[in-house]
Structure formats: C-alpha cells, structure tokens
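In our numbering, the protein residues as written are 301 to 598.
Glycine included, each C-beta is placed from N, C-alpha and C at the ideal position.
In structure tokens, the structure reads:
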C-alpha cells in the first residue's frame, strides 16, 4: 500500500519522500510530466486531470503542491496563481478520491499559519478563527475548504498549518543566509512581530506522526512550541553563524518597496502560533529552542 505525495519535488516534499523511503514505505509521486517508472503517476491539476489508478487502494495521500508564496512579487497575476494552484489542485485531488471505490483512508493536506492573520503578541492554537488579509481570507480559507468533501465522505483529513520551516537547503532561511554571513543581518520592520518556526526535521517527523495516528484530524499547527520575535530570530541566527548583526532595523516601507505584498503579510505580519494538537497527541519535538534548530540545520 503506497503513500501518494504531491509537491514531492519541493523542499518539504523531497524531505518527506526521503524519510518515507528510508522506512521502506512505497511512495508514488504525482508529477505533471510523463511518469518515469512505477513510482510516479501523472496529474495536471490545472486541467483537472489525474490518474485514478495511482490513488486506488493507497494507504494515504499527502498533498503538498502549490505555487511558492514568497518566490515572486505579488502582482495580480501571481496572487491569482497562488490561489489557483492550491484551490484547483486540492479540488482535483479530492474529486478523484471521491470517485474511487476503494478510497485511501487518510488525506494530509498542506495549509499555512497565514490562516490566523496578524496575531500580534497573542498566542493562538488550532481553535482560533481565521484572521484578515489576502493570505488568510483568499488563500488559506478557500484552500482548506476544498478538503471538506473528503472529510464528509469519511476520509480522515488533517490540514497541515505550517509555519516558517528552517532548512539550509531552501526556504526563507536559505535565502537570508548569505546576508547574515556577511554580517549584514538586521531585524525587519519593528522586529517585534512573532515568527512561528519549525525545523525541517521536526516537520518531517510530525507528518510521519500524524500519518501514524488515526485520532489526529482537522487543523494541525506544524510549528515549534516556542515562537520568537523577528528581533530574537535575527540575534540567534547571527550567533549561530558567529557573525554580528546590524543594530538598525530594515524599515517596513523599504521592505514593501523591495518585495511588495509579501512583505506586509509574510514578513512584517506576526503569528504567535502554538502546536496544541501535536503536543496533545504525544508528539515530542526534537528542537524546541531556535538555537537548537539552527545548530541542526546549519
């Protein structure tokens, strides 16, 4: 019984596939090109196409596909693509699952802590309502809504609300490392906004934990138990690299000019998110402190 993975070539997907295969689990990757071998199957989420034979009798589906949130400036076209790639991809996958005579019992579907909007210094867990803004109302809420039909059909659905994943191989951390290595790292905006992070190792093991626990369903925050402010993140990363950091913050207006809408909702907005569901389910974090996580990934 295979585990089906979409978005398997991305930072998270590739790490998860590697861990699953190391545990002798058969993985079938859904790909948009012609499949190469029995461990790949075709789908084209934009056209609503998918190979149903690949899903039939699978042990679980882990759906991670979606255009990168911070890869480009948020033009109107990019914002439409951010929504479309998530909503249409999830809709295509769930529709195919619903039509199967032998449905996989479990669907883990990617989501994001952008669901909560700007929480300031207020701690939130999975019981909190959605916030305001483009990421929350136009991306994450409709994205998660596409999984509801699967849930209503009796499939166990877990929505993986992921925070800032720390990895030296990609993501935001890899993008800012060159600046910090030059001793030019600095707080962003006020520096008081909370960043809810998780190490790549904990993200992978948390997903494996959720796959193996049939009692976990609904929203699950994939964040470490100790969020930090951006200023603390800056200081800790500088210490981990043995490099000084700049005393003056990068002004918010400069970030908005440089990277557009993502600055407002992805960098200057803070979310102080706690992983209540993971902790209650008995998951033990490998890295609870930012300094430990950075030491591991660097």
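Could you give the distance in angstroms between the alpha-carbon of residue i and the alpha-carbon of residue j?
i: residue 539; j: residue 320; result: 33 Å
i: residue 510; j: residue 408; result: 8 Å
i: residue 461; j: residue 595; result: 24 Å
i: residue 388; j: residue 362; result: 16 Å
i: residue 456; j: residue 476; result: 37 Å
i: residue 499; j: residue 526; result: 12 Å
i: residue 447; j: residue 391; result: 8 Å
i: residue 341; j: residue 549; result: 47 Å
i: residue 352; j: residue 489; result: 48 Å
i: residue 397; j: residue 536; result: 44 Å
Here's a check: name, in chain order, each residue in its chain whose Cβ is nearer than 7 Å to the Cβ of residue i, leaving out the five neighbours to either side.
i: residue 381; result: 367
i: residue 378; result: 372
i: residue 493; result: 529, 530, 568, 569 and 570
i: residue 376; result: none
With respect to the alpha helix (DSSP H) encompassing residue i, which residues constitute its N-terminal and C-terminal limits?
i: residue 542; result: Where residue 542 is concerned, there is no enclosing alpha helix (DSSP H), given that its DSSP letter is neither H nor E.
i: residue 465; result: From DSSP, residue 465 is part of no alpha helix (DSSP H) but of the beta strand (DSSP E) over 464-466.
i: residue 474; result: 471-481
i: residue 380; result: 376-398
i: residue 510; result: 500-512
Can you say whether residue i is buried or exposed, counting buried as having 16 or more other CB atoms within 10 angstroms of its CB?
i: residue 349; result: exposed
i: residue 587; result: buried
i: residue 469; result: exposed
i: residue 515; result: exposed
i: residue 422; result: exposed
i: residue 485; result: buried
i: residue 580; result: exposed
Name the DSSP bridge partner or partners of residue i?
i: residue 361; result: 304 and 407
i: residue 349; result: 344
i: residue 549; result: According to DSSP, which records beta bridges pairwise, residue 549 is partnered with nothing at all.
Residue range of the beta strand (DSSP E) that residue i falls in?
i: residue 519; result: 518-522
i: residue 327; result: 327-331
Among residues of its own chain, excluding the 5 on either side of residue i, which ones have a beta-carbon nearer than 6 Å to its beta-carbon?
i: residue 416; result: 424, 428, 431 and 571
i: residue 459; result: 409, 411, 444 and 519
Under 9 Å between C-beta atoms, does residue i make it to chain C?
i: residue 521; result: Here chain C cannot be found, since the structure has a single protein chain.
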